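Using our numbering, the first residue of the sequence shown is number 33, and each one after it goes up by one.
For glycine and all other residues, C-beta sits at the position ideal for the given N, C-alpha and C.
Small disclaimer: the values here were computed from a predicted structure and weren't measured.
Written out below as structure tokens is the structure these notes cover.
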Amino acid sequence: MYFKKILLSLTFLLIFLSITGCSDTSNNSKDIFRITAIPDESPTELARKAEPLMKYLSQIIGREVVYYPVTDYSAAVEALVNKKVEMAWFGGFTYVQAKIRSNGEVIPIIQRIEDQGFKSVFITSDPSIQSLSDLKGKKVSFGSVSSTSGHLWPRSFLLKEGVNPEKDFKRVAFSGAHDATIISVGSGKVQAGALNIKVWEKFIEKEMVPERVRVFYTTPGYYNYNWTIHKDVPKKTRDKIIDGFIQLSDQTDIGKEILSLQRASGFITTNDDNYIGLEKAAKSADLIK
């Protein structure tokens with residue numbers, strides 16, 4: 033009888049600890065604010081760029097901010113739509129996909145000043161390629177299928193020039209990331225590629241581009257990257273994040289570091305209206321219905 037009482041007491045204790053343990057985990061989970069980013073560069077580079085930003089945002093909102101890495105663009109969309117993260121760094125097209133996928137439950141709130149006139153570039157190592165029409169019969173690489181600057185926008189200008197990638201290219205490749213596109217062109221794997229102008233400029237600055245690789249076409253400007261947040265995040269938190277980004281300045285050490293890593297001169301607010309043009313372009317290119 034004595035042992036039965038001990039066993040019963042231990043059972044109740046284990047149940048109690050289990051319940052309180054779960055409760056603590058839930059509470060701790062609610063104290064964490066998760067962010068992610070489309071993998072348009074290497075994982076190590078994305079993590080390096082995210083680290084000081086996470087520390088800064090933690091101070092701004094008074095919660096631990098954690099970076100949640102994803103393997104591809106669609107995983108970034110699903111993470112925000114399914115609330116595995118509260119906020120995501122998207123390209124314009126990825127935002128449009130997330131808006132459609134979530135039935136409007138996500139909203140763009142902030143972008144770099146540069147993102148209101150973003151550009152894409154076409155690069156090549158082939159001297160015979162001087163225009164978009166010269167890409168006919170060539171092997172050409174885009175970035176990710178869901179990339180704005182590495183696929184959607186470049187494709188829309190190809191179509192305007194009467195060039196249909198699937199019909200006119202010798203081969204259509206998708207490198208998965210902008211830096212990978214540069215490598216593919218430089219190695220001769222493909223004869224040309226389309227990518228984000230900011231990544232191209234970074235590679236030029238670091239002297240990482242083979243001498244024979246050059247830009248032969250630059251697109252007009254468009255609205256691109258932004259931080260998109262889930263509508264379930266309280267407005268008070270949203271406003272703190274927006275103010276925090278806008279206050280970033282190269283006059284402070286943390287501001288200078290973050291702006292440099294994000295390749296930004298500053299941040300400004302944005303909204304859904306800015307991406308209607310991209311949504312129309314995506315529909316025209318049959319990339320969304």
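query	result
Environment of ILE141 [buried if 16+ CB atoms lie within 10 Å]	buried
Spatial distance of LEU89 from LYS272 (CA atoms)	9 Å
Nonlocal neighbours in the same chain, by C-beta distance under 7 Å from LYS202, ignoring five residues either side	GLY169, LYS170, LYS171
For LEU310, three-class secondary structure by DSSP	helix
Residue from ASP104, VAL113, LYS263 with nearest C-alpha to SER176	ASP104
Span separating the alpha-carbon of LYS234 from that of ASP264	36 Å
LYS312 burial status per 10 Å Cβ neighbour count (16 or more: buried)	exposed
Minimum C-alpha distance to SER316 - residue among LEU293, PRO266, TYR255, PRO186	PRO186
Near the ligand COA: PHE122 beta-carbon under 7 Å from a heavy atom	Questions concerning the ligand COA fall outside what the structure shown contains, since it holds no ligand whatsoever.
ASP282 versus LEU291 - alpha carbon distance	7 Å
Anticipated Cβ contact below 8 Å, ALA108 with ALA79, distance rounded	Wrong, their Cβ atoms sit about 14 Å apart, outside the cutoff.
Straight-line gap, ARG66 to VAL117 (C-alpha atoms, nearest Å)	5 Å
Residue span of the alpha helix (DSSP H) that contains ARG80, given as start and end	75 to 93
Beta-bridge pairing of MET119 - partner residues as DSSP gives them	ILE67, ILE261
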